[in-house]
Every structure is written in structure tokens, then in C-alpha cells.
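For reference, the structure is listed below as C-alpha cells.
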Amino acid sequence: MPKNTILFLVISFILSSLALPIFSQNQSLSPSIACKSSLYPKLCRTLLSTFQHSPSNPNDYSKFSVKQCQKNAGKLSNLIAHFLTTQKQRALFTNTREINALSDCHQLSELTVDYLNSVSAELRGFDVRSSSDDLVGRIQTLLSGVVTNQQTCYEGLKEAGSSMVAQLLAPVSNAGEIYSVSLGLVAHALGSVGKSRKKGRLLGEQDEGGVLMEEEWARHSRFMASKVKQAFERPHQRGGRVLDELVENGVHIKEAVTVSPYGGCNFTSIGEAIAFAPNNSKIEDGYFLIYAKQGYYEEYVVVAKNKKNIMLIGEGVDLTVIAGNRSVIDGWTTYNSATFAVSGERFVAVNITFKNVAGPWKHQAVALRNNADLSTFYKCRFEGYQDTLYAHSLRQFYRECDIYGTVDFIFGNAAAIFQNCHLFARKPMPDQKNIFTAQGRSDPNQNTGISIQNCTIQAAPDLAQESDLTLSFLGRPWHNYSRTVIMQSYIGDVIAPVGWLEWNGTYGLDTLYYGEFENYGPGANTTMRVQWPGYSLMNASQAMNFTVYNFTMGDTWLPCTNVPFSQGL
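In mature numbering (1 follows the signal peptide of the UniProt record, and there is no 0), the protein residues as written are -19 to -1, 1 to 550.
Right, dumping it as C-alpha cells:
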């Protein structure tokens, strides 16, 4: 495609996004009032000035803004597809990183279109008086994901560094601002709904409304843990009892297949089994179970957005291993360097190791990238160095997992909860620092963050003997509204007394939210912690905001997985 044609497309996109006529509004719901909490108030007011009717409530603005986002998302997706086709045709003159960055943007733009269509459908019949917390959470989660998708695309294009790809930066940035405006309007309109959950409970509450007392809840948790142990661990004795055990313990399985790299099963690769799974299945129909037998699976697996409700079970983290070696140094983007990437909602993985073996000298090299809503990982292991686990977006839960890495090895912008996990800092390259988390919240209206509860934070064996030579930190702000909390966890002496690290000077230090609550161990002493405006020692009420019950509403979707979880503190 000629260069001037591409430039014309870019300019047309920007102008069509911002060509906005002006109409008067009801003062009680004027754009100025509605846009107060927006990151881009001027753009917000300009956008709402095109609303041609007097709004009866703030939700009218929400619906309107989402429609504008849909229009922009469709145009941007087509524009990215044009660029991708052009660059592929010029493959001999295009570096791999450009193609990969455009491919990321194309995939992310398609996800964004899907998310916006879902939000629009949900808002169409939305009634504040009768809407559930679950619906409100889903709407805000998807819009938070839309903003994250745009941010990921933008960063990938910027890192690609070519003049051709750079022409996309302006329209991508412009679309991101419009998405942010819509997120702010929707979050404001839905703000009164769902606040009742925050009044919740410090311990578990039954669906019927009764509150479990502490001793009773502890007994209930132990009982559930024993049932899960039966379901997920007995099958490892072999004999094909996976399906029977799961069904006996209340997990709804629609179909089951087996995989072994050595043959004798339905498939020889996990990717083939996932391709065979039905498209767009419903959770009420049950999970598609893939039982991955013992083996070293050298493959790159993608669980696409239409592969929903897949449950992948291995024979144990030392027996079922999925490994790859893609890295940024070798021309991949961080996003598509993942050994295992999942976008299909309600994905569950149990007893599997996800590994990127590129090594510390290859810099960003992801073992797992997860942008699947309502996804669960239980008794899994994640091994890498820099950027091991990319908790990209939407709601995620990790229970009793082991995570190994060096720089920013748990990162992304999901609403991700890690419970009863073991986090290990490995020996990095010379002069590198270890950072356990790098949370990427870029908008204060996103319902995202990293919550680490009842975990252990310590040095891996290769670092333990010389941990005095390496500084390690709990986290640093990848973006300016970064949000990470550490609660009721053991913090080893591997962590520097200041606890947290700057990203770049004062960037984000007054807008981030970093909290600690009831931690213990030699690294949990907070007397020498950072004195940033955004850092705090939380009380119980504040900590409750980051529990399974409040932060991800996991009590509404985790029970069907049969994976144990603690709802409160």
C-alpha cells in the first residue's frame, strides 16, 4: 500500500473519531458533571456533546459512550488489519518484531470488539435497581480489559520502532483515550451498584445469606480441600479415573480426551486437543476436559477466545511440563513470547508446569500469558526469569501455585488473586534486581490489581546462598495507577527493608496503591518501608477490598471449578 494512502487512512480515522457536533444537555446531568472523574475531561465533554437527547440518568451516557467505542473499535480493527496485510506483503523488507507487534494489535483489537459488543448487550437491558453485583463486575471488568488491550497494542508498536508502524500510534492512542472516557462514565454510573458487597464479611458467607463463624468456616475449608484432593490427585495413580473422580465431586464434565506426546491417547499434543474442543460452549453444559499425561510438551499453545470452559489437568508439576523458549531478544513481543497463552473464559489448569527456558540473558520471556476472564490455576508451576507470568487482563485466580522468576516476574493488569502460593526469586543476571510484581493499572477506573494472600515470598535455592548480593523487592509501578497488595503472607529476608522499588524516578508514586496487611517473617518488618504517598499499611476493612469475595467476586464463579478458595481474610 502506498505510504500516502496509509497516511490518509490514519488521518481519516482520527478526524472521524473527533468530529463531534454540539447539543445542549440537562444541567443536572450535564457533560461537565458526568466527566468530572474522567482522565480526559475535555474529550469526555466533547464526546457527550454529541448526545442528542436529554439523559434521564447517568446510564444513558454510559450506553452512548460504549456505542462510540464500538464504532471506533471497528474502524481501528480494520486499520490494523490493513497495516498487517501490507507489512506481510513486504515481508522481505519488514523485521519480525513489526509483524509480531501488528499481529498482537490485530488479536487485541478483535478481543476489544468482542468485549464492547458484550458490554453493549449487557447495558441494553440494564436497570440499576435490579442489577446484580456480578453483572456490574463483568461490565467494569470487560471495559478495563478494553483499556488494557489498547495499552498493550500501543506499547508493542512503540517498541517495534519502525516508521511505518509508528503511523498507527496516533489512532491507537486516540482510541485508548475514548475507551478510558467510556470506562469512567460507566464506572460512575454503576458506582452505586455493588457497593453493598464491600460491607461484606471477614469470613465466608453462605449463598443462603447465613454467615459462617470462624471455626465452622475453617472446618468447611478443610472439608472442601479434602474433596478437591480426591478429585485432582487420585487420578494420578493411573487407571483413567479422572472423569469419574471429578464428576463424583461435583464438577460438570461434558466431554473428555487424553493427550500424550508418546502416543496411545486421543492426541499427541495439547494444541491439537484444544483445537478439537467445541467453540463458544456454555458453562452450564460442562467443561471440556483434557487430561495431559506425563510428558515434556515442547509446543506453543494458544487457547483462543472461542475455546471456553476448558479444564486442562496434568499428572503433576514434575510430570506434565509445557515448555518453550521465545523471547524479546529473539524478535518476539513480550505479549507473544508466551509458551502458553489463554483467552478463552473459564479456563482451568491443574497440576501442570508452564515453562519458558529462554534464560535470563534473553530478557522478557513469558511462560504463561493469561487474558481469560474467570480463569483458575491450581497446583501449577510457572518457571522463567524476566516476565514469567503475564496476568494480562480480566479476572484470574491462582491457588497453591509455585512461581519462579527474576525481573517483574508477576506482571500485567488483571484483577488477579494469588492464594496459598509460593513465590521464588531466582538468581538474576549480574547487576539486575529482582522484582516480584509489576502491576500495570493505567486508569483509576479499572477494577484491576494484584492481590497476594497467605503466600510465601522467598529466595529460590539458586539465589538463597548468595541473596546478600542481589536486591529484591515486592514490586514496582509499571503504570501510574499500579495496585498491589500483600496480605497475611510470609515475607523472607530476601526482600530489601524498603520493600518496594521505583520504576523511573517519582513516576506513579503518588497515584499507585501498594498495601501490606498482617504479613510476617524477617522481610515483613515495615519500619524502613518506602514513604510514598501511595503506600499504606492497610487495616482489615481496606484489606477486605482485595479478597476473593470483593475483588473478583470469586464466590460466584469459583465453586464450579471445585478448586478450594478463601473468600475473606
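Think of the CB as a built atom: it goes at the ideal place given N, C-alpha and C, for glycine as much as any other residue. A quick note: this is a predicted structure, and the numbers were derived from the prediction, not measured.
Return the chain-ordered list of same chain residues with a C-beta closer than 7 Å to the C-beta of residue 505, the five sequence neighbours on each side being excluded. Here residue 505 refers to the residue found at position 524 when the sequence shown is read from its first residue. The beta carbon of residue 505 lies closer than 7 Å to those of 472 in the same chain, with the five residues before and after it left out.
Check residue -6 in the structure and name its three-state DSSP category. Position 14 of the sequence shown holds residue -6. With a pLDDT of only 47 at residue -6, under the threshold of 50, the placement of this residue in the model should not be trusted, and no figure is reported.
Tell me whether the beta-carbon of residue 441 lies closer than 8 Å to the beta-carbon of residue 385. Numbered from its first residue, the sequence shown carries residue 441 at position 460. Numbered from its first residue, the sequence shown carries residue 385 at position 404. Yes, these two residues count as a Cβ contact at 8 Å.
Pick from 327, 521, 315, 426 that is closest to residue 82, judged by C-alpha positions: Counting from 1 along the sequence shown, the entry for residue 82 is found at position 101. Nearest of 327, 521, 315, 426 to residue 82, Cα basis: 315.
Since residue 438 contacts residue 476 with CB under 8 Å, what's their CB separation in whole angstroms? Reading the sequence shown from its first residue, position 457 is the one you call residue 438. Reading the sequence shown from its first residue, position 495 is the one you call residue 476. Indeed, because the Cβ distance is near 7 Å, the residues count as touching under 8 Å.
Could you give the residue range of the alpha helix (DSSP H) that holds residue 407? Residue 407 sits at position 426 when you count from the first residue of the sequence shown. Segment: none, residue 407 is in no alpha helix (DSSP H) and carries neither H nor E.
Going by DSSP, what residues sit across from residue 362 in a beta bridge? Your numbering for residue 362 matches position 381 in the sequence shown. DSSP, once it has assigned bridges, lists 334, 383 as partnering residue 362.
From 296, 166, 285, 231, residue whose alpha carbon lies closest to that of residue 265: As a first step, residue 265 must be located in the sequence shown, where it is residue number 284. Closest option to residue 265, Cα to Cα, is 231.
With H, G and I counted as helix, E and B as strand and the rest as coil, what does DSSP make of residue 281? Looking up residue 281 in the sequence shown gives position 300. Of the three classes helix, strand and coil, the one that applies to residue 281 here is coil, per DSSP.
Any idea what DSSP makes of residue 357, helix, strand or coil? Here residue 357 refers to the residue found at position 376 when the sequence shown is read from its first residue. Residue 357 falls in the strand class under three-state DSSP.
Quick one, which of 464, 29, 346 has its alpha-carbon nearest residue 527's? For the purposes of this step, residue 527 is identified with residue 546 of the sequence shown, where counting begins at 1. Considering only alpha carbons, the answer is 464.
Residue interval of the beta strand (DSSP E) (run including residue 396): To locate residue 396, count along the sequence shown from 1; it is residue 415. Going by DSSP, residue 396 is part of the beta strand (DSSP E) stretching over 396 to 400.
What whole-angstrom Cβ distance do residue 401 and residue 372 have, given they're in contact under 8 Å? Taking the first residue of the sequence shown as position 1, residue 401 is located at position 420. Taking the first residue of the sequence shown as position 1, residue 372 is located at position 391. Residue 401 to residue 372, Cβ: 17 Å. No contact.
Since residue 327 and residue 356 are thought to touch, with beta carbons under 8 Å apart, how far apart are those beta carbons, to the nearest angstrom? As a position in the sequence shown, residue 327 is number 346, starting the count at 1. As a position in the sequence shown, residue 356 is number 375, starting the count at 1. Contact flag correct, Cβ pair sits at about 7 Å.
Have a look at residue 520 and residue 382 and give me their C-alpha separation to the nearest angstrom. Translated into the one-based positions of the sequence shown, residue 520 becomes position 539. Translated into the one-based positions of the sequence shown, residue 382 becomes position 401. In a straight line, the C-alpha of residue 520 is about 27 Å away from that of residue 382.
For residue 125, which residues in the same chain have their Cβ closer than 6 Å to its Cβ, ignoring the five residues on either side in sequence? Here residue 125 is taken as the residue at index 144 of the sequence shown, counted from 1. Around residue 125: 427, 428, 429.
Could you check whether the segment 250 to 268 touches the segment 48 to 56, counting it as contact only if at least three pairs of C-beta atoms, one from each stretch, sit closer than 8 Å? With a cut-off of 8 Å on Cβ pairs, the segment 250 to 268 is not in contact with the segment 48 to 56, counting fewer than three such pairs.
Give the secondary structure of residue 133 by DSSP, where H, G and I count as helix, E and B as strand, and everything else as coil. Here the question's residue 133 lines up with position 152 in the sequence shown. Shown here, residue 133 sits in a helix according to DSSP, grouped into three states.
Could you check the C-alpha separation between residue 26 and residue 92 for me, to the nearest Å? Numbered from 1 along the sequence shown, position 45 holds the residue referred to as residue 26. Numbered from 1 along the sequence shown, position 111 holds the residue referred to as residue 92. Approximately 27 Å between the Cα atoms of the pair.
Excluding the 5 residues flanking residue 189 on each side, which residues of the same chain have their C-beta closer than 7 Å to its C-beta? Taking the sequence shown and counting its residues from 1, one reaches residue 189 at position 208. Unreliable positioning characterises residue 189 in this predicted model, as indicated by a pLDDT of 31, which lies under 50. The coordinate reading is nonetheless provided below. Nothing listed; no residue qualifies.
Could you tell me the distance, in whole angstroms, from the CA atom of residue 459 to the CA atom of residue 453? By 1-based counting over the sequence shown, the position of residue 459 is 478. By 1-based counting over the sequence shown, the position of residue 453 is 472. One alpha carbon belongs to residue 459, the other to residue 453, and they sit about 16 Å apart.
Which residue wins for smallest C-alpha separation from residue 514, given the options 343, 489, 507? Along the sequence shown, read from residue 1 onward, the residue named residue 514 stands at position 533. Residue 489 is the option with its Cα nearest to residue 514.
What number of angstroms, rounded off, separates the C-alpha of residue 44 from the C-alpha of residue 538? The residue you call residue 44 lines up with position 63 of the sequence shown. The residue you call residue 538 lines up with position 557 of the sequence shown. Each residue's Cα considered, the two are about 26 Å apart.
Check whether residue 456 and residue 494 have beta carbons under 8 Å apart: What you label residue 456 is simply residue 475 of the sequence shown in a count that begins at 1. What you label residue 494 is simply residue 513 of the sequence shown in a count that begins at 1. No, the Cβ-Cβ distance between residue 456 and residue 494 is not below 8 Å.
Inter-residue Cα distance where the pair is residue 254 and residue 238: Residue numbering aside, residue 254 sits at position 273 when the sequence shown is read from its first letter. Residue numbering aside, residue 238 sits at position 257 when the sequence shown is read from its first letter. Going from the Cα of residue 254 to the Cα of residue 238 covers about 7 Å.
Determine the DSSP secondary structure at residue 569, reduced to helix, strand or coil. Residue 569 cannot be examined here, being either before or after the span of the chain that is shown, -19 to 550.
Spatial neighbours of residue 387 within its chain, please: C-beta separation below 7 Å, excluding the five flanking residues on both sides. Working through the sequence shown from its first residue, we reach residue 387 at position 406. Once the five neighbours on either side are set aside, the close Cβ partners of residue 387 are 341, 366, 367, 406, 407, 409, 413, 415.
Taking 7 Å as the cut-off, is the C-beta of residue 343 nearer than that to any heavy atom in the ligand ATP? What this structure holds is no ligand at all, so the ligand ATP is not there to describe.
Terminal residues of the continuous beta strand (DSSP E) containing residue 498? One-based indexing of the sequence shown puts residue 498 at position 517. Per DSSP, residue 498 belongs to the beta strand (DSSP E) from 494 to 498.
On the three-state DSSP scale, how would you describe residue 237? As a first step, residue 237 must be located in the sequence shown, where it is residue number 256. If DSSP states are grouped into helix, strand and coil, residue 237 belongs with the strands.
Let me know if residue 486 comes out buried or exposed under the rule of 16 or more other beta-carbons within 10 Å of its beta-carbon. For the purposes of this step, residue 486 is taken as residue 505 along the sequence shown, with counting starting at 1. Exposed: under 16 other Cβ atoms inside 10 Å.
According to DSSP, is residue 342 part of a helix, a strand, or is it coil? For this step, residue 342 is matched to residue 361 along the sequence shown. Helix.
Beta carbon of residue 403 nearer than 8 Å to that of residue 361: Translated into positions along the sequence shown, residue 403 becomes position 422. Translated into positions along the sequence shown, residue 361 becomes position 380. Contact: no.
For residue 390, the first and last residue of its enclosing beta strand (DSSP E): Reading the sequence shown from its first residue, position 409 is the one you call residue 390. From DSSP, residue 390 is part of no beta strand (DSSP E); its letter is neither H nor E.
With C-beta atoms as the reference, is residue 97 less than 8 Å away from residue 47? In the sequence shown, the residue the question calls residue 97 occupies position 116. In the sequence shown, the residue the question calls residue 47 occupies position 66. In this structure, residue 97 sits near residue 47, with a CB-CB distance shorter than 8 Å.
Do you know whose CA, among 331, 23, 321, lies nearest residue 338's CA? Stepping through the sequence shown from its first residue, residue 338 is reached at position 357. Selected option, being the one with the closest Cα: 321.
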